[in-house]
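Residue numbers (full-length UniProt numbering), protein chains in the order written: chain E, 1 to 275; chain H, 1 to 281.
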């Protein structure tokens, strides 16, 4: 008798814990929901939108430095907002967006990766090209292997890393190699441009074909070598608002900042070309 | 022997008690979360099977790149397990059977790769064994050995990540094993190494086997340390997880097909382990 009573009490206790957990969960979800509706309504009612909340930007790895700067600038211009970034290979970001990742803005390093998103109808309107980027060879500081051209990279004594062909920088490198009728066997196909660059920064590879902006961002840790074939493989960078953006007003304002004279200044200073 | 006998004696009443519990019914506050937990673990696997491109699967799986990656994965995981056995079992013995100051600290260090993000492990390996690493630069200048971007590099990365599983498993088994058998052997004139070889090793063989299977499975699925330390080149350092990750970017169907292969291998490993998991340790 007493034992069964104790058992009942335990069951009730456990049920109580379960109920509390459920309450907490529902409180959580309703909280975030009201948050997002608030930012939406405030944006639509007033004529000059008072932006708030978090803006989530998925951007190509090569945009890391300049977009981080622009994000800070945006937060300064619109107090109460927060810009969070997810930088990575454009393809995996695109795969994330089509898979339902909650993002507001997508900035890709190539129209092809942007098409993954727009073809699925996840973008809003036509993506706008906001910058272009040219390839450059990154060598060890001081260029000890005397790399002067793309052809020099095909020497078998050199350890060269390229981006994987599925990522824009890899596709562009392939295009440049094709333009120069060169065949290059790298030691590794890296998953994004920053990994390729880092292999040279860490001195594991002798050279990498990366963007001019990455060479600039690495400071003195690598030395850049221009090559003429890169003119045949200039990447357009498209940017778009996303259909399921949790913070559409903030997203629009961020894209506007990127395309503004101020945004373009930050981007060209980082080594990007004007569209 | 006597332990086993005691266990059979004990298991009698224990089993009866369990059966009585079943008759009373499983308490709902336990059953519901348990079922939820089960569903949570199984759902992603089911989704993988449901969305698998079954019609194009034969084409996807017969491409040379898939077999290259699979062969490389199996080869490297096996080599990493072998390396883990050679250096991991003695390490486990050291941790379980000897007493030295700071042993607890060393034990914690050994398990560090278990909690370290594998990418961090890969960077750490580069800094240690890379061409410019603190040890790697000597390997390069004295022996002309460079590990990054080589198949050996893959094995090194996988060993780094997988060996702790083996060490922990073997150490646990050693602690559970009765040291008196070894003491008896040494009393009868065997050296400590002979005692280890002839008495301890056979005694803990099941633990070593289980640890080796765990390490092998971990090595097979290793991604972060491998791509960071050894890079990605088809046929040389591109293992299955790397192939899955890169295929996901431009050909999700191929990625699913590759994942199915890995899933099949994992299930085979689990089936091999079942014996041990079902019988109480």
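Where is the CB? At the ideal position from N, CA and C, for every residue including glycine.
Who are the near neighbours of residue 175 of chain H in its chain, counting only those whose CB is closer than 7 Å to its CB and skipping five residues on each side? Cβ within range, chain order: 96.
Runs of alpha helix (DSSP H) lying entirely within the segment 112-158 of chain E, each at least 4 residues, in chain order: The qualifying runs do not exist here; there are none.
Contact with chain H by residue 188 of chain E, beta-carbon distance below 8 Å: So, interface residue.
Quick check on residue 216 of chain H: buried or exposed, where buried means 16 or more other Cβ atoms within 10 Å of its Cβ? With a 10 Å radius around the Cβ and a threshold of 16 neighbouring Cβ atoms, residue 216 of chain H comes out buried.
Taking all protein chains shown into account, decide if residue 77 of chain E is buried (16 or more other Cβ within 10 angstroms of its Cβ) or exposed. Burial call: exposed.
How about residue 64 of chain E: is its C-beta nearer than 8 Å to some C-beta of chain H? No, residue 64 of chain E does not count as interfacial toward chain H.
So with Cβ pairs under 8 Å, would you call residue 37 of chain H a contact of chain E? Residue 37 of chain H does not count as touching chain E.
Mapping the DSSP letters down to three states, classify residue 87 of chain H as helix, strand or coil. Taken through DSSP and simplified to helix, strand or coil, residue 87 of chain H comes out as helix.
CB contact below 8 Å: residue 125 of chain H versus chain E: No, because no Cβ of chain E sits closer than 8 Å to the Cβ of residue 125 of chain H.
Hey, quick one: how far does the beta strand (DSSP E) through residue 236 of chain E stretch, first residue to last? From DSSP, the beta strand (DSSP E) with residue 236 of chain E extends over 235-242.
Cβ separation of residue 148 of chain E and residue 83 of chain E, assumed to be a contact under 8 Å, to the nearest whole Å: The beta-carbon separation of residue 148 of chain E and residue 83 of chain E, rounded to 41 Å, does not stay under the 8 Å limit for a contact.
Which class does residue 46 of chain E belong to by DSSP, given the choice of helix, strand or coil? At residue 46 of chain E, the pLDDT of 38 sits below 50, so the modelled position is not reliable and the matter cannot be decided from this model.
Would you say residue 149 of chain H touches the ligand ZN, meaning its beta carbon is less than 7 Å from a heavy atom? This structure does not include the ligand ZN; it has no bound ligands of any sort.
So the candidates are E:64, E:57, E:58, E:219; which of them puts its Cα closest to the Cα of residue 194 of chain E? Of the listed residues, the one whose Cα sits closest to residue 194 of chain E is E:64.
Mind listing, in chain order, the continuous alpha helix (DSSP H) runs of no fewer than 4 residues lying wholly within the segment 178-240 of chain E? Given a length threshold of 4 residues, each whole run of the alpha helix (DSSP H) inside the segment 178-240 of chain E is given here in chain order: 193-201, 212-217.
Coil, strand or helix - residue 66 of chain E by DSSP: Correct three-state label for residue 66 of chain E: helix.
For residue 52 of chain E, which of helix, strand or coil comes out of DSSP? DSSP places residue 52 of chain E in coil when its eight states are reduced to three.
Give the interface partners of residue 45 of chain H over in chain E, defined as CB-CB distance under 7 Å, in chain order. The contacting residues do not exist; residue 45 of chain H stays about 17 Å from chain E at best.
Residue 211 of chain E and residue 131 of chain E: beta carbons closer than 8 Å? In this structure, residue 131 of chain E does not lie closer than 8 Å to residue 211 of chain E by Cβ.
Integer-rounded CB distance, given that residue 85 of chain E should sit under 8 Å from residue 67 of chain E: Yes, residue 67 of chain E and residue 85 of chain E are in contact; Cβ-Cβ is about 6 Å, under 8 Å.
Start and end of the alpha helix (DSSP H) containing residue 254 of chain E? Element bounds for residue 254 of chain E: 248-259.
Hey, out of H:248, H:208, H:269, H:230, whose CA is closest to residue 158 of chain H's CA? For residue 158 of chain H, the nearest C-alpha among the options comes from H:230.
Can you pull the DSSP bridge partners for residue 87 of chain E? E:59, per the DSSP bridge assignment.
So the candidates are E:213, E:109, E:112, E:124; which of them puts its Cα closest to the Cα of residue 248 of chain E? Nearest C-alpha to residue 248 of chain E: E:124.
Might you give, ordered along the chain, the residues of its own chain that have their beta carbon closer than 8 Å to the beta carbon of residue 26 of chain E, omitting 5 neighbours on each side? Low confidence applies here, because residue 26 of chain E scores a pLDDT of 40, under 50, leaving its location unreliable; read the following figure in that light. Within the same chain, residue 26 of chain E has no close Cβ partners at all.
At the 8 Å Cβ level, is residue 233 of chain H part of the contact set with chain E, yes or no? Answer yes: the Cβ-Cβ gap between residue 233 of chain H and chain E drops below 8 Å somewhere.
With distances taken between CB atoms, is the gap from residue 91 of chain H to residue 115 of chain H smaller than 8 Å? The criterion of a C-beta distance shorter than 8 Å is not satisfied by residue 91 of chain H and residue 115 of chain H.
Closest to residue 220 of chain H by CA distance: which of H:249, H:154, H:40 is it? In terms of CA proximity to residue 220 of chain H, H:154 leads the group H:249, H:154, H:40.
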